[in-house]
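Here is the structure we will look at, set down as structure tokens.
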Amino acid sequence: MVSDHRRPWTPIALLGLRLLPGRAKGGGERYKVFTVAVRNAAQLRLLNNLESFLSLDVWLESSVNKPGVVLVSGDKSDRFEEALIAEEIQYSINVENVKEMLELEDQLHETSNKRNLTAFKGSALPLDRIYRYNEVNAYMEELASVYPDTVTLVNAGQSFEGRPIKYLKISTTNFQQLNKPVVYIESLLHAREWITLSATLYAIEKLVIDVNEQDLLHDIDWIIMPIANPDGYEFTHTDQRLWRKNRATGYMPGNLCSGVDLNRNFDAFWSQASSNIVCMDTFHGRAPFSEPETAIIRDIVNAHSERIELFLDIHSFGSMILYGYGTGTLPPNGLNLHLVGVRMAQAIDAVKMSWNDHYIVGNVALVLYQASGSAMDFAKSVGVPLSYTFELPGYRLGFGTAAGFFVDPEFIEQAGFETWEGIKVGARNAVRTYKQRTSN
Ligand SMILES: [Zn+2]
Numbered sequence: 001m002v003s004d005h006r007r008p009w010t011p012i013a014l015l016g017l018r019l020l021p022g023r024a025k026g027g028g029e030r031y032k033v034f035t036v037a038v039r040n041a042a043q044l045r046l047l048n049n050l051e052s053f054l055s056l057d058v059w060l061e062s063s064v065n066k067p068g069v070v071l072v073s074g075d076k077s078d079r080f081e082e083a084l085i086a087e088e089i090q091y092s093i094n095v096e097n098v099k100e101m102l103e104l105e106d107q108l109h110e111t112s113n114k115r116n117l118t119a120f121k122g123s124a125l126p127l128d129r130i131y132r133y134n135e136v137n138a139y140m141e142e143l144a145s146v147y148p149d150t151v152t153l154v155n156a157g158q159s160f161e162g163r164p165i166k167y168l169k170i171s172t173t174n175f176q177q178l179n180k181p182v183v184y185i186e187s188l189l190h191a192r193e194w195i196t197l198s199a200t201l202y203a204i205e206k207l208v209i210d211v212n213e214q215d216l217l218h219d220i221d222w223i224i225m226p227i228a229n230p231d232g233y234e235f236t237h238t239d240q241r242l243w244r245k246n247r248a249t250g251y252m253p254g255n256l257c258s259g260v261d262l263n264r265n266f267d268a269f270w271s272q273a274s275s276n277i278v279c280m281d282t283f284h285g286r287a288p289f290s291e292p293e294t295a296i297i298r299d300i301v302n303a304h305s306e307r308i309e310l311f312l313d314i315h316s317f318g319s320m321i322l323y324g325y326g327t328g329t330l331p332p333n334g335l336n337l338h339l340v341g342v343r344m345a346q347a348i349d350a351v352k353m354s355w356n357d358h359y360i361v362g363n364v365a366l367v368l369y370q371a372s373g374s375a376m377d378f379a380k381s382v383g384v385p386l387s388y389t390f391e392l393p394g395y396r397l398g399f400g401t402a403a404g405f406f407v408d409p410e411f412i413e414q415a416g417f418e419t420w421e422g423i424k425v426g427a428r429n430a431v432r433t434y435k436q437r438t439s440n
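When you line the sequence shown up against the UniProt record's numbering, it's residues 1 to 440, in that order.
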């Protein structure tokens, strides 16, 4: 508990209400990014209490051996600092002014976006920029028409705001050969995690356009969904760069707060370790699969559950490969989950940028925190043997790795390339374990 000499918590803080820095409206100038390093379990408990009392936006969860990263608004930063000093918790302020970082990101992207306005015709997208929803859809359409023998574009349904959610099926046998495993990959379930788009776009390129490892294309059927949360993703481009959830409304009178954390809205352990407060970033929604975006993923996975051997939900940031369950209980194949996770991490580490951390592999509740209702746990619970959440690295952008969600165009292709090294290892392991599983 926090001692009582501090100012009382305002109702607004208890509500979990906060206004995230915007992009167009000049927000962000009063926001700071803190790195916090706790030394023991008691400090960790204090920090967690403090973060939830002040309803801070925790970008990277703290643990005893790994510093956490927190976004703090100007009106709370004094209280936060006072409390950290009182509890002798070490911290540093990595970004004094988030607005400057947002502006720098804008500038960098403007420059790289200008370079690539030429149309692609069945060729690879230059991976030095972040593509918008319409551009990604146009690209997938183009691929499906140029490569009809291997690529099928599927419109899986509509998001809350009515945007089609599309994915590619990539197969040399039109998904008809049942002795092949299916590998499922999605990105951007969390809107602000822009760098994750590079992982799915890079994978598509290596499976469709620039195929130099034939076994990956011939031995596996692929389902790749680059934008799992299109409404939230577009909102990060038009309104609030740091938005995480979908854009569902109707949860509060006057829509004071909106949005459901899609990675807490799946049915596996739903609501056990998430928030029932609409304003919170981990709000789990009114019921499992209450959101169209999660229902779509559920239906795809269920339609192929017999054959999906590997499920990858790509997030950022933190350089981690995580597996379930979010309760901390290990699935029966926990050892194999860990082994394949380590192999994927080693493959990424072998080619990563030297200044980024080595990947950490482990059960999500042990490495980070308990989390319920995740896509990863859902896939695992319906029988997918190898189900993981990737947390791609944050890139420094001159601000240290604490600036985790901000994307330097210089890092986009590298992120796609290094993650693909891990995905390949996971996919080849999936071929092996699927064979074992189905030959019995
Ligand atoms: Zn995420």
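The beta carbon of each residue, even a glycine, is placed where N, CA and C say it ideally should be.
Item                                                                                                     : Value
CA nearest to the CA of K352, picked from V367, G416 and R307                                            : G416
Cβ-based burial, T238 [other Cβ within 10 Å; buried from 16]                                             : exposed
Distance between Q107 and I314 (C-alpha atoms, nearest Å)                                                : 26 Å
M320 versus Y359, L310 and P292, residue with shortest Cα-Cα distance                                    : Y359
Closer than 7 Å: E186 CB and nearest ligand 1 heavy atom                                                 : no
Proximity test, E103 beta-carbon vs ligand 1 heavy atom, cut-off 7 Å                                     : no
Simplified DSSP state of D357, which is helix, strand or coil                                            : coil
Candidates L143, E193, P385 and A138, of which the one nearest S123 by Cα                                : L143
The beta strand (DSSP E) enclosing M320, as first and last residue numbers                               : M320 to Y323
M225 - partner residues in DSSP beta bridges                                                             : E186
Exposed unless 16 or more other CB atoms sit within 10 angstroms - verdict on Q240                       : buried
8 Å contact criterion, which Y184 and I308 should meet: CB distance rounded                              : 5 Å
C-beta contact flag for L201 and A228 at 8 Å                                                             : no
Any non-hydrogen atom of ligand 1 closer than 7 Å to E141 Cβ                                             : no
Integer-rounded CB distance, given that G373 should sit under 8 Å from H284                              : 5 Å
Exposure of T438, with buried meaning 16 or more beta-carbon neighbours within 10 Å                      : exposed
Test: G68 CB closer than 8 Å to a CB of chain C                                                          : The question asks about chain C, but that chain is absent: this structure has only one protein chain.
Three-pair Cβ contact test at 8 Å for the stretch 270 to 290 versus the stretch 340 to 347               : no
C-alpha gap between L17 and N134, whole angstroms                                                        : Confidence is the limiting factor: at L17 the pLDDT is only 41, short of 50, which leaves the residue's position unreliable, though a coordinate-based value still follows. Approximately 31 Å between the Cα atoms of the pair.
Alpha-carbon to alpha-carbon, Y395 and L104                                                              : 14 Å
Residues that DSSP places opposite E391 in a beta bridge                                                 : H315 and M320
Residues near A24 by beta carbon distance below 6 Å, same chain, minus five either side                  : Here A24 scores only 41 on pLDDT, less than 50, and its place in the model should not be relied on; the value that follows carries that caveat. Excluding positions up to five away in sequence, the list is empty.
Alpha-carbon spacing of I195 relative to N246, whole angstroms                                           : 18 Å
Any non-hydrogen atom of ligand 1 within 7 Å of E100 CB                                                  : no
Own chain residues within Cβ distance below 8 Å of A199, not counting five before or after               : I185, S187, I314, F390, L392, A415, G416, T419, W420 and I423
Among A138, V425 and P126, nearest to E213 - alpha-carbon criterion                                      : V425
Close beta carbons around Y251, own chain, < 6 Å, minus the five adjacent residues each side             : V278
Contact check, L50 vs V38, beta carbons under 8 Å                                                        : no
Unbroken stretches of the beta strand (DSSP E), 3 residues or longer, contained in the stretch 70 to 138 : 90 to 95
Member of V95, P292 and S92 whose CA lies at the smallest distance from the CA of T249                   : P292
Coil, strand or helix - Y233 by DSSP                                                                     : helix
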